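S.K.: Numbering-wise (the working numbering), the sequence shown opens with residue 4 and increments by one.
Backbone N, C-alpha and C define an ideal beta-carbon position, used for all residues, glycine too.
Here the structure is a predicted model, which means the values were calculated and not measured.
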Amino acid sequence: MGKERSEKEKVGGGGGGEHNKRNMLVSCVVMNSCAAELKLVLTALLVLCSIATLFQILPSRFAISASDLRFCISRITTTTTTTTTTTIAPLNSTTTTIPLTPSPPSAQKDQVADNGVIKRVFNPYGSAAYNFITMGAYRGGHNTFAIIGLASKPLLLYSTPTYQCEWVPESSSASNSTFSTVSYRILPDWGYGRVYTVVVVNCTFSEAVNGENSGGKLFLEASTSGGGDKNLNITDRFEVLNESPGDLNMSLFSSKPKYDYLYCGSPLYGGLSPQRVREWIAYHVRLFGERSHFVIHDAGGVHEEVLEALKPWLELGYITLQDIKEQERFDGYYHNQFMVVNDCLHRYKFMAKWMFFFDVDEYIYLPPKNTIKSVLDSLSGYTQFTFEQMPMSSKLCLSADYGRYYRKWGIEKLVYRDVKRGIRRDRKYAIQPRNVFATGVHMSQNFAGKTTYKTEGKIKYFHYHGTIAQRREPCRNLLNVTEINFEKVPYVLDTTMRDLAWSVKKFELKMIGPKLQNTRQ
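1. Hey, how far is the Cα of VAL495 from the Cα of LYS416?
2. Here's the rule I'm using: 16 or more other beta-carbon atoms within 10 Å means buried, otherwise exposed. How should SER397 be labelled?
3. Is the beta carbon of ILE322 closer than 7 Å to that of PHE297?
4. Quick one: measure Cβ to Cβ for SER377 and LEU482, integer angstroms, because I've assumed they're closer than 8 Å.
5. Based on the DSSP secondary-structure assignment, which residues constitute the bridge partners of GLN114?
6. With burial defined as no fewer than 16 other Cβ atoms inside 10 Å of the residue's Cβ, what is the status of LYS509: buried or exposed?
7. Return the chain-ordered list of same chain residues with a C-beta closer than 7 Å to the C-beta of ARG474, the five sequence neighbours on each side being excluded.
8. Buried or exposed: GLN330, going by 16 or more other Cβ atoms within 10 Å of its Cβ?
9. Hey, would you say ALA132 sits closer than 7 Å to TYR141, going by beta carbons?
10. Please classify CYS478: does DSSP put it in a helix, a strand, or coil?
11. Have a look at THR137, LYS112, ASN118, GLY139 and flag the residue whose alpha-carbon is nearest the alpha-carbon of ASN126.
12. Identify every run of the alpha helix (DSSP H) within the stretch 228 to 312, keeping only runs that are complete inside it and at least 4 residues long; order them along the chain.
13. Under 7 Å between the Cβ atoms of GLY460 and ASN438?
14. From the DSSP output, in three-state form, read off GLY413 for me.
15. If you follow the beta strand (DSSP E) that LEU324 is in, where does it begin and where does it stop?
16. Residues in the same chain with beta-carbon distance under 6 Å from LEU251, minus the five sequence neighbours each way, listed in chain order, please.
17. Taking three-plus beta-carbon pairs below 8 Å as touching, is the stretch 310 to 322 in contact with the stretch 334 to 350?
18. Might you give, ordered along the chain, the residues of its own chain that have their beta carbon closer than 7 Å to the beta carbon of ASP362, omitting 5 neighbours on each side?
19. Tell whether a beta-carbon distance below 7 Å holds between ARG247 and ASN236.
20. Need the endpoints of the beta strand (DSSP E) that GLU486 sits in, please.
21. Grab me the residues of HIS300's own chain with a C-beta within less than 6 Å of its C-beta, minus the 5 sequence neighbours each way, in chain order.
22. Are GLN392 and ASP429 close, meaning C-beta to C-beta below 7 Å?
23. For ALA504, report the span of its beta strand (DSSP E) as first-last.
24. Give a yes or no on whether the C-beta atoms belonging to SER447 and GLN387 are separated by under 7 Å.
25. Considering Cα atoms alone, identify which of VAL171, ARG424, LYS156 is closest to ILE189.
26. Please confirm whether VAL525 and THR137 have their CB atoms less than 7 Å apart.
27. Which residues in the same chain as SER63 place their Cβ atom closer than 7 Å to its Cβ, once the five residues preceding and following it in sequence are excluded?
28. Cα-Cα, which of SER506, LEU160, TYR264, SER258 is closest to TRP412?
29. With C-beta atoms as the reference, is GLY143 less than 7 Å away from ILE151?
30. Take the Cβ of ILE121 as the centre, count every other Cβ of all protein chains shown within 10 Å, and call the residue buried at 16 or more, exposed below.
31. With distances taken between CB atoms, is the gap from PHE390 to LYS463 smaller than 7 Å?
32. Suppose you measure from the CA of ASP239 to the CA of LEU348; what does that come to, to the nearest Å?
33. Should CYS52 be labelled buried (16 or more other beta-carbon atoms within 10 Å of its own) or exposed?
34. Have a look at the DSSP bridge pairing and note the partners of ASN449.
35. How many whole angstroms separate the CB atoms of TRP193 and GLY443, which I take to be in contact at a CB cut-off of 8 Å?
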């Protein structure tokens, strides 16, 4: 038995040796394969580490900044229908202009002259502001156009940029070939601009444009003329207006306007009170009548509740609502107010006989036995007239309304008028737009014809300053007097607007029903 076991162990030992040889062979093959893969992994890691190290020692100008990304994105998202060309040339040079590329110029270095003087160099990069930002371009007649936008305020204030218009016909068969005209600019914002200021560019050609109604495009060339860099004249050429064949209606410029009265509103922003907006629009639709229209510009103030207050009048066709929140990107005065009202002027210039400019906390008032038609007919000989302000308290109410004032409209319960003397108060105005080239907030200074300020006894406006952006109940002081000095200001009781409130409520109910009865402050 021991011998047999010994023989088996020998045999078994011999079989195990063959098996171990096979295992070693397989292991070698696997190890060779793993070594090849391991080399690839290590090589890849080495390359990545090298790249990361290289980026750490590169100069900062090779870094990709957020502005670079914005530039790339803006280039990608630019629509193919807008052609914009930027050229740069030496100032007063007659040589062909060279396309401006986004590549930064090579940096120059300081040099030491033979006499030991160090000549310093200055390397410019990027730009501080856009050359021109368009809001709208409109035809003003057979041969004239207006372009409304923003431009760099320092450029306009300290330099002499120039603007030139070019008309390019739709087809070469048109009798009028491509032709240009030097334009003149109007700066209507009285120096209130910030980074940007408002520009109205007038383009008047020596002959009719698109007389055959065959279509064409209007281009604007905006040149810095050495502004920003006295050695260079940077010119941007871009399309501002496109008239398709057959679209031009020349009768628009001589026919009776669609509206008798059109309201051009300044930008609305902030947390406006829907109730105050509700009162304001109902009051003025009643005042101006069926042939009136209201252009509302939303700069962030037409939130959901305000929109609900405007919606019934939108549905009846009395309101056009424009979303202008995008203009907040460009740092101009007061939500670019001057640009907005000038765009409204030229956009609706031939659609209204009269245009009014005032705010949503202001109420136009006509004395008894007067109508808006009779007043404006008496002023038809003027291109512009202004009217005086009646400032009202935003805090003082009648004690007789105690317990009920929360149900009353603002014009009902705010009944104390500021009568402090010796103060210059803002006036508001109306114009006949066909004779106006540019406009402002409180008056226009660019028009043909006459203006008058003598409108006392004909028209004025009540101003409820500070109430439109107040969401809480305004009545904080209840009084039972006809005169009072409050916070060093004299006030008198004035129920003029209070007496009209019932008629306005009745008118609203007739026009839109009880839809807005539950409107909140």
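M.R.: In this structure, then:
1. So the two alpha carbons sit approximately 14 Å from each other.
2. Buried, since its Cβ has 16 or more Cβ neighbours within 10 Å.
3. Contact: yes.
4. Contact between SER377 and LEU482 is ruled out by a C-beta separation of about 36 Å, above the 8 Å threshold.
5. DSSP, once it has assigned bridges, lists LYS122 as partnering GLN114.
6. Exposed.
7. GLY274, SER276, GLN524, listed in sequence order.
8. So GLN330 ends up on the buried side.
9. No; because the gap between Cβ atoms is not below 7 Å, this pair is not in contact.
10. Shown here, CYS478 sits in coil according to DSSP, grouped into three states, outside any helix or strand.
11. The shortest C-alpha to C-alpha distance from ASN126 to any of THR137, LYS112, ASN118, GLY139 is the one to LYS112.
12. Taken in chain order, the complete alpha helix (DSSP H) segments of 4 or more residues contained in the stretch 228 to 312 are 277 to 291.
13. Not closer than 7 Å, so no.
14. The three-state reading of DSSP puts GLY413 in helix, counting H, G and I together.
15. Here the beta strand (DSSP E) through LEU324 covers 322 to 326.
16. The beta carbon of LEU251 sits closer than 6 Å to those of ASN213, ASN216, all from its chain and outside the five residues before and after it, given in chain order.
17. Three or more beta-carbon pairs separated by less than 8 Å are not found between the stretch 310 to 322 and the stretch 334 to 350, which leaves the two stretches without contact.
18. Once the five neighbours on either side are set aside, the close Cβ partners of ASP362 are SER269.
19. The sequence shown places Ser at residue 247, not Arg. SER247 places its beta carbon 7 Å or farther from that of ASN236.
20. From DSSP, the beta strand (DSSP E) with GLU486 extends over 486 to 489.
21. Excluding residues within five positions, the ones whose Cβ falls inside 6 Å are GLY268, PRO270, GLN325, ILE327, VAL343.
22. Against a cut-off of 7 Å, the Cβ pair of ASP429 and GLN392 comes out as a contact.
23. Here ALA504 belongs to no beta strand (DSSP E); instead the alpha helix (DSSP H) covers 504 to 515.
24. A contact, by the Cβ cut-off of 7 Å.
25. Closest option to ILE189, Cα to Cα, is LYS156.
26. A query on residue 525 cannot be resolved here, the shown segment of the chain reaching from 4 to 524 and no further.
27. With a pLDDT of 43 at SER63, under the threshold of 50, the modelled position of that residue is not reliable, and the figure given next carries that caveat. Here the set comprises nothing.
28. Minimum Cα distance to TRP412 is reached at SER506.
29. No. Outside cutoff.
30. Counting Cβ neighbours within 10 Å, ILE121 comes out exposed, since fewer than 16 surround it.
31. Going by C-beta atoms, PHE390 is nearer than 7 Å to LYS463.
32. If you draw a straight line from the Cα of ASP239 to the Cα of LEU348, it comes to about 26 Å.
33. Result: exposed.
34. Per DSSP, ALA441.
35. That belief holds up - the Cβ atoms of TRP193 and GLY443 are roughly 7 Å apart, short of 8 Å.
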